[in-house]
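Working notes for the structure below.
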Amino acid sequence: MKQYTFVKYQPSDAISSLINENSHTLLVLSRFNIALGFGDRNIGEVCRANSVDVNTFLAIINLMGNDNKPVLPVKSPVSIECLINYLYHSHQFFLNFRLPEMRRKFVAALNESEEDLNRAVLVYFDNFVAALKKHTQNEDKKIFPYVQDLLKGKQREKLPVVLSKQHEQIQTRLTEFKNVLIKYYPANKANEINSFLFDVFNCEKDLASHNAVEEYLFQPAIDELENRNNSTTTI
Amino acid sequence: MSQPVRISLFEPSVIIRHGLLSILNRLNAFRIEVFEIPDIDQIKSSLPWQKPDILIVNASIIGISSMNQIRKTIASPDLKCVALQTSLLDSSSLQTFDEVISIYDSAEQIIGKLTHIVVSQEDGNKLETLTSREKEIIVCVIKGMTNKQIADTLHLSPHTIVSHRRNITAKLQIHSTAGLTVYAIVNKLVSV
């Protein structure tokens with residue numbers, strides 16, 4: 002029996018309306034290297050033209066469209082290769098674009114003549130960036146190659162992959178940073194600090210959806226792959 | 003509370019479910035994360051990963067025996083179960099719940115009931131001002147001292163330091179030394 006599902010978007014939906022409904026899907030397009038300028042073409046056509054797996058694209062879009070909560074049925078046949086590609090580009094986005102840009106804005110928003118406090122808040126921000134970097138590098142250098150080996154059917158010693166706990170810690174760090182800044186930093190450049198804080202709020206959202214993709218799509222796919230490889234080795 | 007309160011909602015009627023969701027969205031005393039469960043068959047499989055703090059269920063459909071089973075699968079003593087009452091039910095079947103929401107409750111009543119549940123869960127974490135001992139400890143922490151070193155300096159046991167630090171974290175909602183440093187500078191606990 003087919004159960005009630007929350008699936009929102011289908012391959013036949015126009016990609017431009019998708020972006021209007023949820024602007025954060027712009028990030029998904031860039032991570033898949035899909036350039037704007039697709040006219041009235043639909044999701045399926047654009048994905049095929051850019052060699053992106055439609056199911057994976059839809060799984061990510063639907064997850065975001067459902068407030069980053071898994072869409073039923075939880076298991077959709079995603080392409081793991083495609084997912085790794087997406088996650089890798091997403092990491093690059095945070096570390097090479099989003100966070101450096103935010104830091105520049107932050108520095109420009111700080112009060113003059115409060116050197117000690119400014120140094121302290123910058124250390125606080127940089128600590129968050131360092132934690133995120135450590136986490137993403139672990140994924141780029143250890144977890145992704147491990148999963149790619151599994152895909153090729155290579156025998157690998159099991160790598161304990163539990164992503165959710167680390168995510169929670171990183172998200173809490175950013176939220177805490179934001180709250181401390183709002184509660185205690187006596188900012189006097191209102192426009193600049195507001196603009197920075199809007200970026201932090203957006204970044205929280207981006208991180209949450211990035212993490213949801215890892216936890217609800219990537220992690221189950223790894224688990225399934227490991228089980229499959231195990232069962233073939235025991236035969 | 004830094005983590006959002008996780009709420010799972012089992013109600014087969016999409017109209018009632020979304021009605022309740024729109025009221026939940028008006029909760030502003032704390033952050034929430036809501037999971038919808040539209041089908042009774044999905045309760046068992048979804049609760050283990052949803053790990054709700056609060057479970058709201060349609061009481062007319064669920065029945066006492068399956069309610070007890072659900073509590074067993076969750077196995078968390080902190081789980082609060084809320085009955086969504088859509089029809090007349092005898093009081094014994096409602097007694098197993100921590101709270102009852104009727105579909106004829108006003109939005110304010112529903113928000114009041116849910117807020118009460120959450121607040122009773124975290125009553126210890128009320129925001130208070132720091133004691134002078136706690137301020138002393140913050141200063142030591144941001145100097146990079148270990149709990150042992152702080153204990154020696156203040157002539158306290160390391161155990162006491164740990165419990166002070168736990169209280170500081172609960173009051174300020176700051177876990178990191180970098181965050182405490184900002185707090186200390188702004189509140190002039192340290193002269194730098």
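In the order they appear, the protein sequences are chains B and C. Take 2 as the starting number for the first sequence in the numbering used here and just add one per residue. Take 3 as the starting number for the second sequence in the numbering used here and just add one per residue. In this text, a Cβ means the ideal position worked out from N, Cα and C, and glycines have one as well.
In whole angstroms, give me the CA-to-CA distance for residue i and residue j.
i        : j        : result
Ile176/C : Val141/C : 14 angstroms
Leu201/C : Val148/B : Absent from the model: residue 201/C. The displayed extent of chain C is 3 to 194, so no value can be given.
Lys9/B   : Ile18/C  : 20 angstroms
Glu38/C  : Phe12/C  : 6 angstroms
Phe98/B  : Ile64/C  : 50 angstroms
Pro54/C  : Ser10/C  : 6 angstroms
Val36/C  : Phe94/B  : 29 angstroms
Glu101/C : Ser94/C  : 13 angstroms
Asp41/C  : Leu23/C  : 16 angstroms
Ile163/C : Val188/C : 23 angstroms
Gly181/C : Tyr186/B : 11 angstroms
Glu140/B : Leu27/B  : 23 angstroms
Thr75/C  : Leu86/C  : 20 angstroms
Arg28/C  : Ala188/B : 30 angstroms
Residues in the same chain with beta-carbon distance under 6 angstroms from residue i, minus the five sequence neighbours each way, listed in chain order, please.
i        : result
Ile85/B  : Phe145
Ala186/C : Ile140, Ile144 and Val192
Ser48/C  : Ile39
According to the neighbour-count rule (16 or more other Cβ atoms, all chains shown, within 10 Å of its Cβ), is residue i buried or exposed?
i        : result
Gly66/B  : buried
Gly126/C : Caution is warranted here: a pLDDT of 49 is assigned to Gly126/C, below 50, making its placement in the model unreliable, and the coordinate value is therefore given only provisionally. Gly126/C comes out exposed.
His161/C : exposed
Val7/C   : buried
Leu64/B  : buried
Asp54/B  : buried
Gln138/B : exposed
Leu37/B  : exposed
Ile183/B : exposed
Gly40/B  : exposed
Excluding sequence positions up to five away, which residues of its chain have a Cβ less than 8 angstroms from the Cβ of residue i?
i        : result
Asp107/C : Lys115
Glu205/B : Gln172, Leu175, Thr176 and Lys179
Could you tell me which chain B residues have their CB closer than 7 angstroms to the CB of residue i, listed as they occur along the chain?
i        : result
Ile176/C : Glu177 and Val181
Quick one: which chain C residues come within Cβ less than 8 angstroms of residue i?
i        : result
Val124/B : Ala180 and Thr183
Asn128/B : Ser178 and Ala180
Tyr185/B : Val184, Tyr185, Val188 and Asn189
Which chain C residues sit within Cβ distance under 7 angstroms of residue i?
i        : result
Lys135/B : The premise fails here: Lys135/B is roughly 15 angstroms from chain C at the closest Cβ pair, so nothing lies under 7 angstroms.
Note down, in chain order, every chain B residue with its Cβ under 8 angstroms from the Cβ of residue i.
i        : result
Phe37/C  : Lys70
Ile187/C : Asp117, Leu118 and Ala121
For residue i, which residues in the same chain have their Cβ closer than 7 angstroms to its Cβ, ignoring the five residues on either side in sequence?
i       : result
Ala34/C : Note on residue identity: the sequence assigns Ile, not Ala, to residue 34/C. Contacts found: Pro6, Val7, Ile9 and Leu26.
Arg32/B : Tyr87, His90, Ser91 and Phe94
Ile45/C : Phe12, Ile39 and Ile72
Interface residues of chain C around residue i at Cβ under 9 angstroms?
i        : result
Arg104/B : Those do not exist, as Arg104/B stays about 15 angstroms from chain C at its closest Cβ, beyond 9 angstroms.
Whole beta strand (DSSP E) runs in the segment 41-80 of chain C with 3 or more residues, listed along the chain? 56-60, all fully within the segment 41-80 of chain C.
In chain order, each alpha helix (DSSP H) run of at least 4 residues that lies wholly inside the segment 109-187 of chain C: Taking 4 residues as the minimum length, the alpha helix (DSSP H) runs contained wholly in the segment 109-187 of chain C are 109-123, 134-144, 149-156 and 160-174, in order along the chain.
May I have a chain-ordered list of the alpha helix (DSSP H) segments no shorter than 4 residues that lie completely inside the segment 67-150 of chain B? Complete alpha helix (DSSP H) runs here, min 4: 81-93, 100-110 and 116-139.
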